[in-house]
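To start, the structure itself, in structure tokens.
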Amino acid sequence: MQVPKLSLKRSYQVWGVIFLLITLAVNSFIPLCMMCAGMISMHKITVHNAGQSAELILELAESTQSHKPSVKQPILKTDNLTVYANWHELPSNIRALTNNKALSDTNKIVYEHAEGPYVDALSVYYTKDNIALYIWLHINVTHDLQFAPKNMTAILLLILITFSASAGLAFYMQSKVITPIRQISHAIKQHDWIGGKKLRLPEQEYAELRAIVDALDNSILQLQEAQQRELNFLRFASHELRTPVAICQSSFEILTLQQGELTGATLNASQATGQMKSLIETLLWLTNKECVVMEKEVVAIYPLLFNIVEEQKRVHGLDRNIQLVTDSTRLLVPLHPLRIVISNLLRNSMEHGGANIHITQSGHSIEIVNSYSGQGNSGFGLGLLLVRRLAQQLGWIFEISSENNLFISRLEIK
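Its first residue numbered 649, the sequence shown is counted upward by one per residue in the numbering used here.
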């Protein structure tokens, strides 16, 4: 199963930061564009007003004279604005803005940097009599720059307000949606599934999250009921099997007293009965949740391992090369569960492994190594599941690994 690279919360935060950066960029770009557009609109309004003023001056001159004057001088002239009625009356450097071609589009303003803080702008205005008036703006941009700090302050304030609102909304949505989902995930991860206690998921405010919680509750309840039915079946079946197994074992003991040492099919049946008894005891232990703490006793590990190895050899009747390396460690442990664990590991390594088995015990650690059998079987089979469940109930550490065509199981007894 592939592990996801990002959690839901982290993914939400990453996309939230990207959204905030986009918002910051947009809020920085739009006000600047609006400011530039406002300056251009202001220039258009200035040009239009200047054209109207020049047109009034011309009409006034016509009404006071018997004929139309020959205008050789600018009609209107201020410090920053000049209106000409004749294209050729414009200064040559201004006519050069349009490559000496007279302007005809009233919606167009041609700009060019003059010198120092000044910018030249040229446009045209048509009177009611369709007379072209050429308007030249000689703008001192220093005046506009005086207002730039105020404009930038307003822009930065707008950006800050928008950014804060977006960030606040993102964190609010995270607390309302992402955090409850993380609480559900945390509750599922921290739940004691082995103990069989009821899973308590946090109450949810939103209908969608409540539906998820209800679905999880129902699924977990059905799973727990199925597990309980299986445990009950194992418990009842194991209890019922103990009586016939005890009868068989007693019968073999009587045969041993009457006939001496058992041989052949009788010996195999006796050994299978002992193995069945061990399996029944294992199942009863696993299904009995109240027996988590058992009475401990001091156990010498070497004699225990040696007896289990000899017992498994007799049961399986296999000529296996089992190497046993131990020390003189004596541990205070529950003897019966420890015997069950080691017996299951050794039995399954003999059934599913190769001809060579190495058992190493050092202090509180027991390691069993077996090679592949070459018959398509690998690992420790069903015994692995039983050992894992027992180790969890006893608080021991059980690990398996595979390397160099070998299976390795390690049991750390605490």
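Built from N, CA and C at the ideal position, the CB exists for glycine as well.
Values in this document were obtained by computation on a predicted structure and should not be read as measured data.
Exercise for the section: Counting only the same chain and skipping the five closest in sequence on each side, list residues whose C-beta sits under 8 Å from that of Ile956. Expected result: Walking along the sequence shown from the start, residue 956 turns up at place 308. Only Arg987, Ile990, Ser991, Leu994 meet the Cβ criterion.
Problem - The alpha helix (DSSP H) enclosing Gln852, as first and last residue numbers - result: What you label residue 852 is simply residue 204 of the sequence shown in a count that begins at 1. Segment: none, Gln852 is in no alpha helix (DSSP H) and carries neither H nor E.
Practice task
Determine the DSSP secondary structure at Trp735, reduced to helix, strand or coil.
Solution key: On the sequence shown, position 87 is the one that residue 735 refers to. Helix.
Problem - Where the beta strand (DSSP E) containing Arg978 begins and where it ends - result: Here residue 978 refers to the residue found at position 330 when the sequence shown is read from its first residue. Residues 978-981.
Practice task
Use the C-beta contact count for Leu804: other C-beta atoms within 10 angstroms, 16 or more gives buried, fewer gives exposed.
Solution key: Within the sequence shown, numbered from 1, the residue matching residue 804 stands at position 156. It is exposed - the Cβ of Leu804 has fewer than 16 other Cβ atoms within 10 Å.
Problem - Backbone CA spacing between Gly1027 and Ser898 [nearest angstrom] - result: Mapped onto the sequence shown, residue 1027 falls at position 379. Mapped onto the sequence shown, residue 898 falls at position 250. The predicted model places Gly1027 with a pLDDT of 41, which falls under 50 and marks its position as unreliable; any figure quoted below should be read in that light. Rounded to the nearest angstrom, the two C-alpha atoms are 34 Å apart.
Exercise for the section: Give me whichever residues DSSP pairs with Trp1044 in a beta bridge. Expected result: If you number the sequence shown from 1, residue 1044 lands on position 396. For Trp1044, which the question treats as bridged, DSSP gives no partner whatsoever.
Handout entry: Any 3 or more C-beta pairs closer than 8 Å across the region 687-699 and the region 761-776
Key = Output reads yes: the region 761-776 touches the region 687-699.
Exercise for the section: Inspect the CB distances between the region 663-672 and the region 811-830 and report whether three or more fall short of 8 Å. Expected result: Contact between the region 663-672 and the region 811-830 is present, because at least three Cβ pairs lie under 8 Å.
Practice task
Could you check the C-alpha separation between Gln872 and Thr914 for me, to the nearest Å?
Solution key: Within the sequence shown, the letter at position 224 stands for residue 872. Within the sequence shown, the letter at position 266 stands for residue 914. For Gln872 and Thr914, the distance between alpha carbons rounds to 43 Å.
Problem - Whole-number beta carbon distance between Asn1053 and Ser1013, since they are thought to touch under 8 Å - result: The residue labelled residue 1013 in the question sits at position 365 within the sequence shown. The residue labelled residue 1053 in the question sits at position 405 within the sequence shown. Contact doesn't hold; Cβ gap of about 23 Å is too wide.
Problem - Separation of Cys681 from Val758, as counted between CA atoms - result: Residue mapping note: residue 758 aligns to position 110 of the sequence shown, counting from 1. Residue mapping note: residue 681 aligns to position 33 of the sequence shown, counting from 1. Approximately 18 Å, taken between the alpha carbons.
Problem - Inter-residue spacing [alpha-carbon to alpha-carbon] between Asn996 and Glu1015 - result: Position 348 of the sequence shown, counted from the start, is the residue given in the question as residue 996. Position 367 of the sequence shown, counted from the start, is the residue given in the question as residue 1015. So the alpha carbons of these two residues sit roughly 14 Å apart.
Exercise for the section: Please classify Tyr782: is it buried, with 16 or more other beta-carbons within 10 angstroms of its beta-carbon, or exposed? Expected result: As a working note, residue 782 is residue 134 in the sequence shown. That one is buried.
Exercise for the section: Return the bridge partner residues of His786 from the DSSP annotation. Expected result: Within the sequence shown, numbered from 1, the residue matching residue 786 stands at position 138. Beta bridge pairing from DSSP links His786 with Asp768.
Practice task
Take Leu953 and list the residues in its own chain whose beta-carbon comes closer than 8 Å to its own, dropping the five residues that flank it on each side.
Solution key: Within the sequence shown, numbered from 1, the residue matching residue 953 stands at position 305. Excluding residues within five positions, the ones whose Cβ falls inside 8 Å are Leu972, Thr974, Ile990, Ile1007, Gln1009, Ile1014.
Problem - Beta carbon of Phe900 nearer than 8 Å to that of Leu910 - result: As a working mapping, residue 900 is identified with position 252 in the sequence shown. As a working mapping, residue 910 is identified with position 262 in the sequence shown. At the C-beta level, Phe900 and Leu910 come within 8 Å of one another.
Exercise for the section: Using the DSSP secondary-structure output, state which residues sit across from Val758 in a beta bridge. Expected result: As a first step, residue 758 must be located in the sequence shown, where it is residue number 110. Val758 is bridged to Leu770.
Practice task
Would you give the residue range spanned by the beta strand (DSSP E) that Asn1004 belongs to?
Solution key: Counting from 1 along the sequence shown, the entry for residue 1004 is found at position 356. According to the DSSP assignment, Asn1004 belongs to the beta strand (DSSP E) that extends over 1001-1010.
Problem - Three or more C-beta pairs below 8 Å linking the region 876-893 and the region 859-867 - result: Touching, no.
Practice task
Inspect the CB distances between the region 845-859 and the region 825-836 and report whether three or more fall short of 8 Å.
Solution key: Verdict: yes, contact present.
Exercise for the section: Just grab the DSSP bridge partners of Thr730 for me. Expected result: Mapped onto the sequence shown, residue 730 falls at position 82. Per DSSP, Lys725, Trp784.
Handout entry: Cut-off 6 Å between Cβ atoms - residues of its own chain near Ser886, not counting five sequence neighbours on either side
Key = Your numbering for residue 886 matches position 238 in the sequence shown. Answer for Ser886: Ile928, Leu931, Leu932, listed in chain order.
Handout entry: Residues of its chain near His834, where Cβ-Cβ distance is below 8 Å and the 5 sequence neighbours each way are ignored
Key = Position 186 of the sequence shown, counted from the first residue, corresponds to residue 834. Here the set comprises nothing.
Handout entry: C-alpha distance - Ile902 paired with Pro892, whole-angstrom precision
Key = Within the sequence shown, residue 902 is the residue found at index 254, counting from 1. Within the sequence shown, residue 892 is the residue found at index 244, counting from 1. Spanning the two alpha carbons is a distance of roughly 15 Å.
Handout entry: Spatial distance of Arg877 from Gln870 (CA atoms)
Key = The count along the sequence shown starts at 1 and reaches residue 877 at position 229. The count along the sequence shown starts at 1 and reaches residue 870 at position 222. Cα-Cα distance, rounded: 11 Å.
Handout entry: Nearest-angstrom Cα separation, counted from Pro765 out to Thr694
Key = Here residue 694 refers to the residue found at position 46 of the sequence shown. Here residue 765 refers to the residue found at position 117 of the sequence shown. Taking the straight line from one Cα to the other gives about 19 Å.
Handout entry: Candidates Ile723, Asn755, Asp768, Ala673: closest to Thr740 by CA position
Key = In the sequence shown, residue 740 corresponds to position 92, counting from 1. Residue identity differs from the one stated: residue 740 is Ser in this sequence, not Thr. Shortest Cα-Cα distance from Ser740 to any of Ile723, Asn755, Asp768, Ala673 involves Asp768.
Handout entry: Buried or exposed (CB count within 10 angstroms, at least 16 for buried), Val662
Key = Residue mapping note: residue 662 aligns to position 14 of the sequence shown, counting from 1. Looking at its Cβ environment, which holds fewer than 16 other Cβ atoms inside 10 Å, Val662 is exposed.
Problem - Cutoff 6 Å; reference Thr977; Cβ partners in own chain excluding five residues on either side - result: As a working note, residue 977 is residue 329 in the sequence shown. If the five residues before and after Thr977 are omitted, its C-beta is found closer than 6 Å to the C-beta atoms of Ile949, Gly1011, all from its own chain and listed in chain order.
Practice task
Please report the Cβ distance between Ile1045 and Glu1060, rounded to the nearest whole angstrom; I am assuming they are in contact, meaning their Cβ atoms lie under 8 Å.
Solution key: Taking the sequence shown and counting its residues from 1, one reaches residue 1045 at position 397. Taking the sequence shown and counting its residues from 1, one reaches residue 1060 at position 412. Ile1045 to Glu1060, Cβ: 4 Å. Contact.
Practice task
Use the C-beta contact count for Ile1005: other C-beta atoms within 10 angstroms, 16 or more gives buried, fewer gives exposed.
Solution key: Numbered from its first residue, the sequence shown carries residue 1005 at position 357. Classification for Ile1005: buried.
Handout entry: Span of the beta strand (DSSP E), counted from its first residue to its last, around Arg1058
Key = Position 410 of the sequence shown, counted from the start, is the residue given in the question as residue 1058. Taken as a continuous stretch (DSSP letters only), the beta strand (DSSP E) holding Arg1058 covers 1054-1060.
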